[in-house]
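In case it helps, my numbering puts the sequence shown at residues 70 to 304. To keep things clear, I will list the structure first and then write my remarks on it.
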Amino acid sequence: IKKRKKDKVVWDEQTGTWKRRFGYDRVNDDKDIPIIEAKMTDEPGVDPFAKRQDDKKKRVEKQEKNRLQNLKQAAKIGALPSHVQLAATALPITGTQAPPKKVTKDELGNVAGMAATSTASGGKFDRKLPGEKPAKKQGKHRKFLPVVEGSGIGSREKEQTENVLNKLISKHSHEILNVDKAVTMYNVKKEKKARNKRNQEGKSSSATNKLKPKKQLHKKNGKKGPGSSKKGKAK
70 IKKRKKDKVV WDEQTGTWKR RFGYDRVNDD KDIPIIEAKM TDEPGVDPFA
120 KRQDDKKKRV EKQEKNRLQN LKQAAKIGAL PSHVQLAATA LPITGTQAPP
170 KKVTKDELGN VAGMAATSTA SGGKFDRKLP GEKPAKKQGK HRKFLPVVEG
220 SGIGSREKEQ TENVLNKLIS KHSHEILNVD KAVTMYNVKK EKKARNKRNQ
270 EGKSSSATNK LKPKKQLHKK NGKKGPGSSK KGKAK
């Protein structure tokens, strides 16, 4: 296959002008056809222009389908079946030129296990092939604790429930009001406030006492005589 370069401009016989090969106002555009010749096979009441567009759309879809089918056939040469490849590689089989992923032994074993356990009985009553190995179990079995409480295993369910509740309560502990703690904090705050008030009153009273002048009482040493108390006696 050789890639040949095509001219971008082509001569249009309908209009007699040069037009683009692709894009807007291209050559042999369906919109430029003013008249379509009637045929004996045309159905009455059918728009020939709309039918022409529908036929072209169907041709394009058919060509795309054939192209993808050819690419699939080319990619399937020496490859696994499509359903096995889809399950093993988890990649859609489309028309891509990328090489398919090489399937490992573990992936094939997983796919075989899925196919063997996909029946109604889970593969228990299926007929086994000679030399077939047991299917690999990918799922995990869930172990449920007994409902009846006992001294042994039965107490685990209660313990798990308590752990879950404690975790939820501790997560939302800021939304829960502790009454005892709130009352204690209120009392401590009230006592602290009263103590500060008493301290301030004591400091203010001591400051006022320091500012006031101290009165010193002067005592007279001399004693009054008996004649001094009598004033204005007769001479």
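Cβ coordinates follow ideal geometry from the N, Cα and C atoms, glycine included. Keep in mind the model is a prediction, meaning the values are calculated, not measured.
#1: With DSSP run on the structure shown, which of helix, strand or coil describes K202?
#2: For R128, name the three-state secondary structure that DSSP assigns.
#3: Pop quiz: T186 and G192 are said to be a contact at Cβ under 8 angstroms. What is the actual Cβ separation, rounded to whole angstroms?
#4: What do you get for K74, buried or exposed, if any count of 16 or more other CB atoms within 10 angstroms of its CB means buried?
#5: Cutting at 8 angstroms between CB atoms, please list the residues of its own chain near V96, excluding the five before and the five after it.
#6: When DSSP builds the beta bridges, which residues end up paired with V79?
#7: Roughly how many angstroms separate the alpha carbons of G114 and I105, rounded to a whole number?
#8: Straight-line CA distance for A119 to T84?
#9: So for K196, helix, strand or coil by DSSP?
#10: To the nearest angstrom, report how far apart K258 and E270 are at their CA atoms.
#11: Pick helix, strand or coil for R225, following the three-state DSSP scheme.
#12: Start and end of the alpha helix (DSSP H) containing G191?
#13: By the three-class DSSP mapping on this structure, what secondary structure does R211 have?
#14: Considering only DSSP beta bridges, list what R95 is partnered with.
#15: Would V233 be called buried (16 or more neighbouring beta carbons within 10 Å of its own) or exposed?
#16: CA-CA distance, K262 and N247?
#17: Please work out which residues of its chain come closer than 6 angstroms, Cβ to Cβ, to E231, disregarding the five sequence neighbours upstream and downstream, and give them in chain order.
#18: Rounded to the nearest angstrom, what separates R211 and V172 at their Cα positions?
#19: In three-state DSSP terms, what is M183?
#20: Can you tell me whether V180 is buried or exposed? The criterion is at least 16 other CB atoms within 10 Å of its CB, across all chains shown.
Answer, in terms of the structure:
#1: Locating residue 202 in the sequence shown gives position 133, where the first residue counts as 1. Three-state DSSP puts K202 in coil, outside helix and strand.
#2: Walking along the sequence shown from the start, residue 128 turns up at place 59. It is helical.
#3: Mapped onto the sequence shown, residue 186 falls at position 117. Mapped onto the sequence shown, residue 192 falls at position 123. T186 to G192, Cβ: 4 angstroms. Contact.
#4: As a working note, residue 74 is residue 5 in the sequence shown. So K74 counts as exposed.
#5: Here residue 96 refers to the residue found at position 27 when the sequence shown is read from its first residue. The residues are V79, W80, D81, K88, R89 and R90.
#6: Here residue 79 is taken as the residue at index 10 of the sequence shown, counted from 1. Bridge partners of V79 according to DSSP: K88.
#7: Numbered from 1 along the sequence shown, position 45 holds the residue referred to as residue 114. Numbered from 1 along the sequence shown, position 36 holds the residue referred to as residue 105. If I take the Cα positions, the gap works out to 15 angstroms.
#8: Residue 119 sits at position 50 when you count from the first residue of the sequence shown. Residue 84 sits at position 15 when you count from the first residue of the sequence shown. The straight-line gap from Cα to Cα measures roughly 22 angstroms.
#9: Here residue 196 is taken as the residue at index 127 of the sequence shown, counted from 1. At residue 196 the sequence reads Arg, which differs from the Lys that was named. Secondary structure of R196 (DSSP, three-state): coil.
#10: Against the sequence shown, residue 258 aligns to sequence position 189. Against the sequence shown, residue 270 aligns to sequence position 201. Straight-line spacing of the CA atoms in K258 and E270 works out to 19 angstroms.
#11: Within the sequence shown, numbered from 1, the residue matching residue 225 stands at position 156. Here R225 sits in helix by DSSP.
#12: To locate residue 191, count along the sequence shown from 1; it is residue 122. Counting along the chain, G191 falls outside any alpha helix (DSSP H), and DSSP gives it neither H nor E.
#13: For the purposes of this step, residue 211 is taken as the residue at position 142 of the sequence shown. In this structure, R211 counts as coil in the three-state DSSP scheme.
#14: On the sequence shown, residue 95 is found 26 positions in, with the first residue counted as 1. In the DSSP output, where bridge partners are listed per residue, R95 has R89.
#15: Here residue 233 refers to the residue found at position 164 of the sequence shown. Label assigned to V233: exposed.
#16: The count along the sequence shown starts at 1 and reaches residue 262 at position 193. The count along the sequence shown starts at 1 and reaches residue 247 at position 178. Approximately 23 angstroms between the Cα atoms of the pair.
#17: For the purposes of this step, residue 231 is taken as residue 162 along the sequence shown, with counting starting at 1. Counting only Cβ-Cβ distances below 6 angstroms, and skipping sequence neighbours, we find nothing.
#18: Residue mapping note: residue 211 aligns to position 142 of the sequence shown, counting from 1. Residue mapping note: residue 172 aligns to position 103 of the sequence shown, counting from 1. Counting only the Cα atoms, V172 lies some 31 angstroms from R211.
#19: If you number the sequence shown from 1, residue 183 lands on position 114. Helix, per DSSP.
#20: Here residue 180 is taken as the residue at index 111 of the sequence shown, counted from 1. In this structure V180 is buried. Its beta-carbon is surrounded by 16 or more other beta-carbon atoms within 10 angstroms.
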